[in-house]
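Respectively, the protein sequence lines represent chains A and B.
Positions 1 to 223 (the numbering used here) are the ones given, in order, by the first sequence.
Positions 224 to 446 (the numbering used here) are the ones given, in order, by the second sequence.
Just so you know, even glycine gets a beta-carbon here, dropped at the ideal spot from N, CA and C.
Given the structure is predicted, the values throughout are model-derived calculations rather than measurements.
So the structure is just underneath, and the comments pick up after that.
Number of protein chains: 2
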Amino acid sequence: MRARSDPPQVSGETTRQRLIDAALQVFGEFGFEGASTRMLADKADANLAAIPYHFGSKEGLYCAAAQYIVDRMAQHTAPLLEQIEHALRNGPLPRNQALELMHNYTDTLVAILVGSSEADGWAAFIMREQLQPGAAFDVLYEGMMRRVGDAGAGLLASILKRSRSDPSINLRAIAILGQILVFRNCRQTALRSLGWKEFSVERLEQIQSLIREHVDLILAGAV
Amino acid sequence: MRARSDPPQVSGETTRQRLIDAALQVFGEFGFEGASTRMLADKADANLAAIPYHFGSKEGLYCAAAQYIVDRMAQHTAPLLEQIEHALRNGPLPRNQALELMHNYTDTLVAILVGSSEADGWAAFIMREQLQPGAAFDVLYEGMMRRVGDAGAGLLASILKRSRSDPSINLRAIAILGQILVFRNCRQTALRSLGWKEFSVERLEQIQSLIREHVDLILAGAV
DNA sequence: GTCTATAGTCGGATAGAC
DNA sequence: GTCTATCCGACTATAGAC
């Protein structure tokens, strides 16, 4: 039996935070319409009325979850992106250094996007938002995707000695990102086609090494 | 005023077919839960009760739409896949012929996946089904994705002179497909990052030529 | 801040006339 | 096969006690 002054939460987290955690999972799995406020409240061990109280509405909770993803993702990628952005700020990079940064970039993205269990819920959330962009898409794009894409394109421009504004640089950056993202976006299809049940650590390393090899080949020969 | 014996449909299509057409669009845009039977019936210019009558339930209509996608996609890709499958059946291919088939393969997939307006609705449908695989996922995978993936991996094995069962062949095939799929799966993000409003014919050709270049570089150097 | 109870709406499916 | 009318369950949001 709890003492009178104890908060009624199950864990130490606030109801607000538990609702956001639940939202990441439940919206990710079922989508905005597929998720009901009852599911969300149950998963968070919170009361149904806590959603309109803390977030105004179901949609408010959805946007709060998008913002949370951006914040956490920024924490994960900050060291890498700062390193790249700092290096690019000081003019053109020596080819070796740029290639090493590029390998670091793809390895880190594979680890975060494909390997991180935290990303499981996030990825579905983000992908659904891309299918039918709403207010949360701007939050995700401006807070996260743009910076990641810019870093990759900047490195590419430096390695290929082309202008950052050359559209072929952007296209190439997207294609390279695509080689990583496919293992996340089409995870079920990829796993089934490989006859795998999951991406274990060892298999992640196979993927990282394959992407590095492709990047090297593309960057060695691209015109 | 229609004669007594005329069917009550607006167009020549049967109610059943109009419902499937509507389902492709509406489920694609809003997802299974996001789409209501009323939306579906309105879009198809059909009666609400026609859905349970023709398909048993909303879910039955959803599965019928998945089957329709598989059938149409098979029509689109049949010439290409038959050409590849036939060529692979007669033992190892000369490198030049295999490369030409590979270019044909990527060009066709870019045209269908990125360029076809028909694919707009389908792609979202398929991607949502990957996020939360249900009964329709098996229909899509077995009827479509497997054959496309197998053709690509078969070509790759032939070009790289590796066993078809070598997992690195499958991984490489997925990575190459990823470079194409990213322009479909992350269409909104890609367009925004490129500052484009749509993938025009001319831009599709840019993408096709870029993918061909990447494929050549990867296949020339891969070990 | 958290709870119960409930209002008000909209969902999918059905019954039965035509 | 197609229609109207309707049932009933599930949904989000709110009111008001504590």
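CB contact below 7 Å: residue i versus chain B
{"i": "residue 194 of chain A", "result": "yes"}
{"i": "residue 185 of chain A", "result": "yes"}
{"i": "residue 169 of chain A", "result": "no"}
{"i": "residue 33 of chain A", "result": "yes"}
{"i": "residue 97 of chain A", "result": "no"}
{"i": "residue 83 of chain A", "result": "no"}
{"i": "residue 224 of chain A", "result": "This structure does not reach residue 224 of chain A, given that chain A is present from 1 up to 223, and the question cannot be answered."}
{"i": "residue 86 of chain A", "result": "no"}
Proximity of residue i and residue j at Cβ, strictly below 7 Å
{"i": "residue 206 of chain A", "j": "residue 107 of chain A", "result": "no"}
{"i": "residue 136 of chain A", "j": "residue 66 of chain A", "result": "yes"}
{"i": "residue 33 of chain A", "j": "residue 257 of chain B", "result": "yes"}
{"i": "residue 58 of chain A", "j": "residue 77 of chain A", "result": "no"}
{"i": "residue 102 of chain A", "j": "residue 215 of chain A", "result": "yes"}
{"i": "residue 18 of chain A", "j": "residue 54 of chain A", "result": "no"}
{"i": "residue 147 of chain A", "j": "residue 81 of chain A", "result": "yes"}
{"i": "residue 411 of chain B", "j": "residue 79 of chain A", "result": "no"}
{"i": "residue 440 of chain B", "j": "residue 56 of chain A", "result": "no"}
{"i": "residue 144 of chain A", "j": "residue 70 of chain A", "result": "yes"}
CB contact below 7 Å: residue i versus chain A
{"i": "residue 238 of chain B", "result": "no"}
{"i": "residue 325 of chain B", "result": "no"}
{"i": "residue 397 of chain B", "result": "yes"}
{"i": "residue 412 of chain B", "result": "yes"}
{"i": "residue 298 of chain B", "result": "no"}
{"i": "residue 431 of chain B", "result": "no"}
{"i": "residue 427 of chain B", "result": "no"}
{"i": "residue 440 of chain B", "result": "yes"}
{"i": "residue 275 of chain B", "result": "no"}
{"i": "residue 347 of chain B", "result": "yes"}
{"i": "residue 367 of chain B", "result": "no"}
{"i": "residue 315 of chain B", "result": "no"}
{"i": "residue 372 of chain B", "result": "yes"}
{"i": "residue 293 of chain B", "result": "no"}
{"i": "residue 402 of chain B", "result": "yes"}
{"i": "residue 354 of chain B", "result": "yes"}
{"i": "residue 444 of chain B", "result": "yes"}
{"i": "residue 229 of chain B", "result": "At residue 229 of chain B, the pLDDT of 43 sits below 50, so the modelled position is not reliable and the matter cannot be decided from this model."}
{"i": "residue 405 of chain B", "result": "yes"}
Sequence-distant residues of its chain with Cβ nearer than 7 Å to residue i (five each side left out)
{"i": "residue 381 of chain B", "result": "311, 315, 316 and 321"}
{"i": "residue 384 of chain B", "result": "none"}
{"i": "residue 185 of chain A", "result": "127"}
{"i": "residue 110 of chain A", "result": "180, 204, 207, 208 and 211"}
{"i": "residue 270 of chain B", "result": "264"}
{"i": "residue 50 of chain A", "result": "15, 19 and 41"}
{"i": "residue 296 of chain B", "result": "367"}
{"i": "residue 387 of chain B", "result": "376, 377 and 380"}
Burial state of residue i, where buried means 16 or more other Cβ atoms lie within 10 Å
{"i": "residue 342 of chain B", "result": "buried"}
{"i": "residue 424 of chain B", "result": "exposed"}
{"i": "residue 446 of chain B", "result": "exposed"}
{"i": "residue 400 of chain B", "result": "buried"}
{"i": "residue 285 of chain B", "result": "buried"}
{"i": "residue 154 of chain A", "result": "buried"}
{"i": "residue 193 of chain A", "result": "buried"}
{"i": "residue 60 of chain A", "result": "exposed"}
{"i": "residue 173 of chain A", "result": "buried"}
{"i": "residue 31 of chain A", "result": "buried"}
{"i": "residue 64 of chain A", "result": "buried"}
{"i": "residue 348 of chain B", "result": "buried"}
{"i": "residue 2 of chain A", "result": "The predicted position of residue 2 of chain A is uncertain, since its pLDDT is 38 and thus under 50; a value taken from the coordinates is nonetheless stated next. Answer is exposed; the Cβ neighbour count stays below 16."}
Neighbourhood of residue i by C-beta distance below 6 Å, restricted to the same chain and skipping five residues each side
{"i": "residue 121 of chain A", "result": "24, 25 and 28"}
{"i": "residue 372 of chain B", "result": "none"}
{"i": "residue 169 of chain A", "result": "153, 156, 157 and 162"}
{"i": "residue 422 of chain B", "result": "337"}
{"i": "residue 151 of chain A", "result": "81 and 84"}
Close beta carbons around residue i, own chain, < 8 Å, minus the five adjacent residues each side
{"i": "residue 306 of chain B", "result": "324 and 327"}
{"i": "residue 9 of chain A", "result": "With a pLDDT of 45 at residue 9 of chain A, under the threshold of 50, the modelled position of that residue is not reliable, and no figure is offered here."}
{"i": "residue 420 of chain B", "result": "414"}
{"i": "residue 95 of chain A", "result": "159"}
Q) What are the uninterrupted segments assigned as beta strand (DSSP E) that are 3 or more residues long and contained completely in the region 5 to 64 of chain A, given in chain order? A) none
Q. Can you list the alpha helix (DSSP H) stretches of 4 or more residues lying completely in the region 105 to 165 of chain A, in chain order?
A. Taking only runs of at least 4 residues, the alpha helix (DSSP H) segments lying wholly in the region 105 to 165 of chain A are 118 to 131, 135 to 140 and 146 to 160.
(Q) Restricting to runs no shorter than 4 residues, where is the alpha helix (DSSP H) found entirely within the region 382 to 428 of chain B? (A) 390 to 408 and 410 to 417
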